[in-house]
Amino acid sequence: MLSRYPSTRNMPPIRRILVANRGEIALRVIRTAQEMGIETVAVYSDADRTALHVRRASRAVHLGGNKPSESYLDIEKVVAAARATGCDALHPGYGFLSENEDAAQACIDAGIEFLGPNPKAILLMGDKVEARKIAMQAGVPLVPGLQEDVDEAHLVQAAKQVGYPVMLKAAAGGGGKGIRIVREEKELLEAFHMARAEAKGAFGDDRVYLEKFVTRPRHVEIQIMADKHGGVVFYGERECSVQRRHQKLVEESPCAALTPEVRAQMGKAACDLARAVNYVGAGTVEFLLSEGKFYFLEMNTRLQVEHPVTEMRFGVDLVREQIRIGAGERVSPVAEPRGHSIEVRVNAEDPDTYFPSLGRITRLNLPGGPGVRLDSALYRGLEVTPYYDSMLAKLVVHGENREQAIARCERALRELRIVGVSTSLPVALRTLQSDEFRSGDYDTGILERLDRKPPAARRELAMLAAAATRFLFAERAGARAAESTATGRDAAPRWATLGRIERLRRSAP
Amino acid sequence: MLSRYPSTRNMPPIRRILVANRGEIALRVIRTAQEMGIETVAVYSDADRTALHVRRASRAVHLGGNKPSESYLDIEKVVAAARATGCDALHPGYGFLSENEDAAQACIDAGIEFLGPNPKAILLMGDKVEARKIAMQAGVPLVPGLQEDVDEAHLVQAAKQVGYPVMLKAAAGGGGKGIRIVREEKELLEAFHMARAEAKGAFGDDRVYLEKFVTRPRHVEIQIMADKHGGVVFYGERECSVQRRHQKLVEESPCAALTPEVRAQMGKAACDLARAVNYVGAGTVEFLLSEGKFYFLEMNTRLQVEHPVTEMRFGVDLVREQIRIGAGERVSPVAEPRGHSIEVRVNAEDPDTYFPSLGRITRLNLPGGPGVRLDSALYRGLEVTPYYDSMLAKLVVHGENREQAIARCERALRELRIVGVSTSLPVALRTLQSDEFRSGDYDTGILERLDRKPPAARRELAMLAAAATRFLFAERAGARAAESTATGRDAAPRWATLGRIERLRRSAP
Amino acid sequence: MKYITKLGGEEREFTIERHGDGLRARCGETVYALDLALVGDGATFSLLVDGRSYDVVADVQREQVLLQMLGERFVVHVEDERERAAHAVAGHKQGGKRELRASMPGIVVDVKVEQGSEVAEGQTLVVLEAMKMQNPLTAETAGKVTRVLCKKGEAVAAGALLLELE
Amino acid sequence: MKYITKLGGEEREFTIERHGDGLRARCGETVYALDLALVGDGATFSLLVDGRSYDVVADVQREQVLLQMLGERFVVHVEDERERAAHAVAGHKQGGKRELRASMPGIVVDVKVEQGSEVAEGQTLVVLEAMKMQNPLTAETAGKVTRVLCKKGEAVAAGALLLELE
């Protein structure tokens, strides 16, 4: 039924895609595939039987288990599902198998198009030390430091050469784990031993490298897209400096600190790196930007969480591009970007303590109106479990300029209501309202400096509102109690009664 | 609090706007005002105490009553509310007071900026005969016919001159009321007398005019924007031929049948007409398009329901432009349009009979993902009453081209779920899937020709699904009955019990 | 259990039973493997038919199932075999008594019949106004008006009994 | 009725009563005219304070009111005057008995105390893992552990009683 109206021009030979993921990114892929007249096959764990990605796909295959290792991370099961359902391609999304070279290889072996780069490119870019080597060879600027595993003998001299403060990083690390900053020579040796031990413990690999600690760095990344014919394009940059524990919270494009010249240099560097590893598909090259200079950080060989920021500015569907490229087509011409985009990630967590928040979504109000996009697999009744990532939704806005985009994002944040779990929404709102963010002159330390307390006037109002709702509830419970006394039945305890009234009200036809 | 970060450049002197409307258009205005740091004052009838426009505005004023005449149409009450709350502007939305010259005049008299044209322009364009006269003087093409009230003496000759079939229209009419088509001379006189009588009855004004009946007409309209300094621009066209009883259901832009040359001519004609009446603000000039020629139909002196179609293609916020212009600023430069947009109106009505459907919204799933915008004042728990217009929401999508936009719109239509009332969604889906719509070669008769029956394969599936859900319900009710028997309580009738189980499930924390 | 489903003029009979973790449905020669799961909100279902996935909203009101799926809306009448048997008996007893009820809340703007009127199938009986539109309520089959329970100008709730016919 | 509200370290007392069609709230010298209406879904409120409009989601769990408004989230503790009086009495009787409960479902990865341990304010008592993160649960005030009700490796539900202290 879905393929009733296939495109008549040059239709790719991809007819059915296995979506090897869950949550909003699985839904993201399903949406575009559906729009292209391509069937999708969802896979699911026990916990995800009624998840939205299962309900919206054309077909669904049960993998079993709740733990990712029993389901979404099990290469054998996933590839078997793809073969059993006659899929000709597999989209890994982000996370799970997206940067797993074995998964890419298993697809190739099964004759299924892996919608991502070749296994070699995944492997090379996944190793920090290798990635730095290749970047250096490709002429991509690096943070001054050692590209090799450091040993104790050369450590002190190397650090002096690079200049303090320096950073020690686990070669196999990621997500900020295993990083130590050393400000003086006397701290160096002890920090080095601890970094090695930590790296060993966390990644089973004790290689550590050393580099200059960049002051007031901004995290800026380039979105690239490469085809199988050597074509590589880039879609501008994304500024991702609003992060904590190296987890991004707010992303925007363009970056307020980037000049057209530096942007062009960064874009060229990213494309050069992609060419150096015969890259195919969507990828992101991350840089540190500091005092007008940029340094290669790492390459993510997949579609990023924050890709909609780019899509809204460039009027492009990056998942569609991935599928087209997987089918052997060439990269599309890149349109002129328009306006400004901001993305806010909405996580299930306590906004004060950052603790994860679990529970059932009992109410949901989604934002709407001009320039607002919501990517999420949320639905009323969803049980937020401890098995998976805590990201519930991505709110993305677009405006004619940065000021308008910020105002629009604030407006949409106020409209978005999630009841049943706590979310990071208030932290995002506070960020958008901070002078530092509004000035555009911020760096990766912005969230640490953020005052997360609501302003006094709002706190006062909240206390008044809380008292007033309790008054109304008590009044209604009283009326109800009087009524049941009158009808001869026992009055239930007031809270129980009130709950019941509300429930009856709600379920009225 | 909202104006904590006013724009530093050239901030308009509008600080607070009274929104003289309800539903999605009131919310639309509130959203943009909030993004501009401008306060809003909502007004509401008794039925609308908890409506979304009341909850989202900065302030709210109760007008009383449920009938429009007691609230949203009461100029005195509305203007008094604006004065009492210190508003410096009033936005009329569409419908209600938006094309009421007395409302515009009352605002001027109260020193409040009416965000629309001057009363004279409203009056002139509101009278079909006057509007045709002015259009003719401004060189705007008209359907051949008489611009004056026709009298019996000249009728037969005029009809012959214009050529059959001809149309008789009430001068004061609108929305398709009071229109008669005459195919032969012998029907002419009787039709004329009936048209006069109908016009008198419906509008209290029996003037009727005569014009050529255009074959296979498309309804195409031009969005214009004019400032107080004589600047007039246009934002391309909207194709609105998917309509029944002259109520639009699906709109798109660009129009598949318009060449760049004809588009430029239509745009110029619309701007010339606006200049001829010293037009200020947003307006729409409607044309019939037939066989490459276009004819003036009427001018709507307000923001149209379907304005988001234009906003998505041009990356513009038309409400923001209205407010800027009201504050004395000049029209902005018009950006190059991008891609293709489609809007679907979602009405509360039975899709088979087109009867209105009333009730409480019990469940709501909103569409999301790339290129999707939803403008609506819907919320779970909303009571759809008979007092107001039946439009519940507008779904607007944008894609890189027409084919992609249609596919995206289909996808989003499937995601949008409204439970509690019937809606026109299935009719819109059937339209988008029809060969006639897909070909782009359609006219205002498309809906009459539409086969509204779901395909056989879907009907089969629906029967299977219905049987399966009844099986599951019966099974669960049986389990529940067994359980209550076991615990010694009486088993409630099975349907009642099941309802209760669901209710308890739903209200669990 | 056997279910007789009706949609428009069509009728299908399905036999549904538990089978392993899921359900098995039979319709004539065709057998479907079903997996039907209730989603958290109580009226949404995830239905897998031979591995194909459908997101279904089902409002089950006794024998009438109001479905939303595939972007469509279906009103399916479903009887199980016991209900069908019960109705066959009841049909004999009740004779042809029928009711005309308001399909929506509104104002009665016209009552076109009176007690004792003979009406033809499709004939307009009452005109209701709601949402600025006039809606004629017509006779489903030919018959005779036995009681008139509404009058012109009266406001009525949805489902209100307007006429009785036989 | 008098309400004592607490948010963070702040405390405000409001006297609320019916006044015409709406409510009147007093806090010290300040008087507010309120209009509070429950929205259809049962936990959303439209609150007008002197004509200013606020869209409020309120989850009232006895004396704790979890609010969403103005894009913020507030956990406000609200006692009415009768509850305050009752608590004053209960406080004397109960002594200092306290409980440590799981703030979320998860796995107990470490229990840092045993029965009889003396603990200082802020000391980590139990470490819970959920959503790939380890979360230390700490002592709100100094005291002594009287009972340990969880053990390392155990999966616990949200709200599960982990320790008792006094």
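Residue numbers (my numbering), protein chains in the order written: chain A, 858 to 1366; chain B, 858 to 1366; chain C, 10 to 175; chain D, 10 to 175.
Yeah, the Cβ is synthetic: ideal placement off N, Cα and C, and Gly gets one too.
Contacts between V48/D and chain B, judged by CB atoms closer than 8 Å, involve T907, R912, Y1236 and G1238 in chain order.
For S1110/B, the three-state secondary structure derived from DSSP is strand. Beyond the five residues adjoining it in sequence on each side, L146/C comes within less than 8 Å, by CB distance, of L109, A111, S112, T133, L134, V135, V136, L137 and L171 in the same chain, given in chain order. For the pair I1182/B and V1137/B, the Cα-to-Cα distance works out to about 8 Å.
The region 1090-1104 of chain B makes contact with the region 1187-1200 of chain B, as at least three CB pairs between them are under 8 Å. Burial of N144/C is indicated by the presence of at least 16 other C-beta atoms within 10 angstroms of its C-beta. The beta carbon of L171/C sits no closer than 7 Å to any beta carbon of chain B. Look at D1129/B here: in three-state DSSP terms it is helix. The CB of P974/A never comes closer than 8 Å to any CB in chain D; the least such distance is about 26 Å.
Neighbours of S62/D across chain B, judged by C-beta separation under 8 Å: A899, V911, R912, R913, A914, S915, R916 and A917.
N1258/A is not bridged by DSSP to any residue. Contact with chain A is absent for L32/C, since none of that chain's Cβ atoms lies less than 7 Å from the residue's Cβ.
Following the DSSP letters along the chain, one finds S915/A in no alpha helix (DSSP H), marked with neither H nor E. K1043/A carries a helical assignment under DSSP once its states are collapsed to helix, strand and coil. Positions of the beta strand (DSSP E) runs, each at least 3 residues long and wholly inside the region 1129-1197 of chain B, are given as 1138-1147 and 1150-1157 in order along the chain.
At a cut-off of 7 Å, the C-beta of E1109/B has no neighbouring C-beta in chain A. Considered as a whole, the region 983-1068 of chain B harbours 985-994, 1009-1019 and 1042-1060 as its complete alpha helix (DSSP H) runs of no fewer than 4 residues, in chain order. Among the residues of the region 1261-1279 of chain A, those with a Cβ less than 8 Å away from any Cβ of chain D are E1267, L1270, R1271, R1274, V1276 and S1279, in the order of the chain. DSSP places Q1290/B inside the alpha helix (DSSP H), whose first and last residues are L1282 to Q1290. Counted as a single uninterrupted DSSP element, the beta strand (DSSP E) harbouring C1097/A occupies residues V1089 to R1101. Only buried fits L76/C, as 16 or more other CB atoms lie within 10 angstroms of its CB. The C-beta of P998/A comes no closer than 7 Å to any C-beta of chain D.
Within the model, the alpha-carbon separation for T1219/A versus N1222/B is close to 13 Å. Neighbours of Q891/B in chain A, taken as residues whose beta carbon is under 7 Å from its own, are R1268 in chain order. Under the 7 Å criterion on CB atoms, L57/D is classed as interfacial with respect to chain B. Per the DSSP secondary-structure output, C36/C pairs in a beta bridge with T39/C. With the rule of 3 Cβ pairs closer than 8 Å, the region 941-955 of chain A does not count as touching the region 1050-1058 of chain A. With respect to chain C, the C-beta atom of A1322/B has a partner C-beta closer than 7 Å. Of E92/C, G168/C, V157/C and V66/C, the smallest CA-CA separation from V120/C is found for V157/C. For N975/B, the closest alpha carbon among the candidates A883/B, F1171/B and R1132/B is that of R1132/B. Distances from the CA of K161/C to each of E81/C, I116/C, R33/C and R21/C were compared; the closest alpha carbon is that of I116/C. Of the other Cβ atoms in all chains shown, fewer than 16 fall within 10 Å of the Cβ of N1135/B; this residue is therefore exposed.
If you draw a straight line from the Cα of G152/D to the Cα of R1337/B, it comes to about 47 Å. Between I969/A and I932/A, the alpha-carbon positions lie close to 13 Å from each other. Pairing E1068/A with M1024/A gives a Cβ-Cβ distance under 7 Å. Around E123/C, the same chain offers V154 and V157 as residues with beta carbons nearer than 8 Å, after the five sequence neighbours per side are excluded.
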